[in-house]
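Following this note's numbering, the numbering of the sequence shown begins with 10 at its first residue and continues without gaps.
For glycine and all other residues, C-beta sits at the position ideal for the given N, C-alpha and C.
These figures come from a predicted structure and were not determined experimentally.
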Amino acid sequence: MTKDQIKAIAKLVVAVKERNGKPVNVYVVAATIESFGIREIDAKEDYGFESIMHLSNYIYKAYDAITLANLKNNNQRVAEAKTYKRLALTEYITTKNTKRFLVDYTSGLLHLFPVFLQVVAIILFGFSLWTYSHFNNLQSTAVVLGVIIGFISSAGFVQVLGKQVSYYWYNKDYHMAKHSTVQIIKNGTLAILGFFIFSLLINFVIPLYSLLFLVITFVYALFIGFLLLVLAPLYALKQRWMLSFSVFAGTVLALLLHFYTDLHPYYIHWTGILVASLISVGYIYSFFHFKLKNETAVKKKPKVMLSLYRNFNYFLYGTFIFLFVFLDRIVAWSSTLNRDIPYIIYYEKNYEIGMDLAILIFFLLGGVMEYAIHSYIRHMDFHQLQTKYSDFQRFNDKMKKMYFKHLRLFAISAAGIAVLLYLIVTQPWGYSRGFDEILSPLSIKVCILGSIGYLFLSLGMLNVLYLYTLGKHRKPLVAIISAFLINFIIGVFLSRWVSYEYSVMGMLVGSLLFAILTTRETYSFFKNLDYYYYASY
């Protein structure tokens with residue numbers, strides 16, 4: 010073996026180490042050598058070995074003389090340091106579970122602060138960022154339809170934005186995070202505009218509403234949709250305080266304009282929403298400008314078809330979730346059974362009040378979901394480091410035990426929230442004091458059935474969060490589409506043959522189906538968690 014061949018072998022040892030760290034067997038070494046473009050003839054001429062396999066055996070044995078720590082490449086060292094730092098801080102597997110639960114539960118509720126703020130504003134002042142208690146039914150129809158369209162048309166983009174930006178953010182690829190944020194917001198806004206043009210064409214062929222009605226509805230849809238699109242990156246970028254602040258500032262401005270000016274409520278709403286959106290946009294721009302100030306990395310753009318392939322299921326899931334949530338309202342408001350309506354879809358106050366009260370179940374369970382998903386991720390990382398490969402079943406059993414513990418916590422929390430909702434509905438200090446009116450029997454009926462539905466929907470969404478962590482996204486999509494179809498079929502049938510308020514039964518049964526399908530899939534997921542964990546990396 011010549012001097013040059015010895016030097017070449019030494020360089021190859023370093024190159025294989027930097028590529029793989031500690032190779033698990035000789036075949037990994039051989040595959041790595043071949044990936045460098047080294048041929049059989051090169052092994053003999055440049056390295057002095059008869060074949061690549063002989064060369065691989067020599068290099069693999071050479072690693073036995075080097076300590077494991079020295080064999081780890083830079084990526085392995087950084088990943089390991091982050092892992093141990095994260096695990097060292099965990100309180101999910103210690104006696105501090107109660108404290109951790111309270112912290113995460115509060116955090117989950119704070120994420121819903123913008124919605125909670127609107128509820129408080131409408132109770133105290135009769136006015137919020139996009140609602141007004143003195144709107145007549147026609148005005149309420151235009152506004153609520155606009156809000157619903159804004160939520161649905163932006164939902165898929167918001168889902169993709171959260172996934173895509175979070176991925177780039179955690180990988181410290183700030184250029185791509187910024188590019189994805191701008192591109193998805195732009196595409197989402199164009200989608201809302203496209204829907205408006207399509208609606209105008211349909212209304213021109215089949216006159217359903219006046220042009221003024223459509224314009225008012227569209228402006229609400231555009232502003233609400235744009236607000237949701239520009240708030241979504243703040244969640245992914247861990248700047249959630251700004252999300253709450255921007256909505257708080259817009260709401261305060263709307264209230265001030267309402268009490269101290271003669272502006273029409275429409276203009277006040279649009280101004281408040283636009284200000285909240287611009288605050289968010291300005292902060293995102295400044296945030297990325299600061300992060301990219303010293304970046305010298307080459308800017309690159311994602312491959313369009315690859316992005317579509319990776320995010321298509323997430324987009325559809327986000328869209329169908331909001332279609333599912335609002336479907337029962339549209340079905341009820343379009344029913345002519347036991348009510349006369351001047352338009353194809355017309356707002357019904359008592360039904361909406363019942364569903365608004367029911368959705369408190371979903372909002373208040375958000376804190377439980379926040380705790381559960383954080384606990385799950387920490388447990389999974391901890392136990393996979395503590396468990397030997399041959400004991401994979403023990404790893405699965407521990408994680409299944411944790412899942413059942415979370416379900417018990419979910420059930421206990423749901424029971425407590427149900428008691429709170431009962432008191433709000435029945436006690437003098439509850440709904441009647443906030444709105445100076447007594448709940449109708451129809452609203453109470455819808456509230457009870459809707460609450461059960463939102464309970465099952467929350468359980469299904471918790472299951473989906475578990476599945477999403479390791480890239481299991483197709484089964485949740487099938488589950489929500491199936492639930493949507495059941496919601497539609499049962500809701501239409503009962504609202505046309507029994508009474509319009511029974512469209513809520515479609516939502517209840519659909520939510521139950523969603524919970525059953527996702528729970529079954531999640532149980533199977535935890536039974537084979539070792540496979541899904543390693544297959545995701």
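- Three or more beta-carbon pairs separated by less than 8 Å link the segment 372 to 384 to the segment 418 to 434, which places the two stretches in contact.
- Under the DSSP definition of a beta bridge, Y141 partners with F136.
- Taking all protein chains in view, the Cβ of N496 is crowded by 16 or more other Cβ atoms within 10 Å, so the residue is classified as buried.
- In the structure shown, Q248 falls within a coil segment according to DSSP collapsed to helix, strand and coil.
- The three-state reading of DSSP puts W178 in helix, counting H, G and I together.
- Taking 7 Å as the cut-off, the Cβ atoms of I354 and W342 count as close.
- Judged by beta-carbon spacing, Y326 lies beyond the 7 Å limit of P437, meaning their Cβ atoms are not closer than that value.
- G469 sits close to A524, with the two beta carbons spaced by under 7 Å.
- DSSP, read as helix, strand or coil, puts H273 in coil.
- Around A423, the same chain offers L464 as residues with beta carbons nearer than 6 Å, after the five sequence neighbours per side are excluded.
- Here V340 is near V501, since their CB atoms are less than 7 Å apart.
- For the options F444, T270, I50, the alpha carbon positioned closest to that of I61 is the one of I50.
- Judged by DSSP in its simplified three-state form, V507 adopts coil rather than helix or strand.
- Linking T41 to W178 through their CA atoms gives a straight-line distance of about 30 Å.
- T345 sits in coil when the DSSP states are folded into three classes, being neither helix nor strand.
- Sequence-distant partners of V473 (beyond 5 residues in either direction) whose C-beta falls short of 7 Å from its own C-beta, in its chain, are P485, T527.
- F58 and A19 have their C-alpha atoms some 14 Å from each other.
- Counting only runs that start and end inside the segment 406 to 482, the alpha helix (DSSP H) elements of at least 4 residues fall at 440 to 444, 450 to 478.
- The C-beta distance from Y356 to T150 rounds to 4 Å, short enough to fall under 8 Å.
- Here the alpha carbons of N180 and I225 stand approximately 42 Å from one another.
- Burial check for R48: the Cβ neighbour count within 10 Å stays below 16, so the residue is exposed.
- In the three-state DSSP reduction, R319 falls in the helix class (H, G or I).
- I447 places its beta carbon less than 7 Å from that of S441.
- In terms of Cα proximity to G159, the closest of L147, F232, N196 is F232.
- When DSSP states are grouped into helix, strand and coil, F523 belongs to the helix group.
- The Cβ-Cβ distance between I277 and H267 falls below 7 Å.
- Two segments are said to touch when three or more pairs of C-beta atoms, one from each, lie closer than 8 Å; by this definition the segment 255 to 262 does not touch the segment 201 to 213.
- Boundaries of the alpha helix (DSSP H) around R28: 12 to 29.
- The three-state secondary structure of R48, taken from DSSP, is coil.
- Secondary structure at Y326: helix, using DSSP grouped into helix, strand and coil.
- Note that the C-beta distance between G459 and A367 is below 7 Å.
- DSSP places N34 in the coil class of the three-state scheme, outside both helix and strand.
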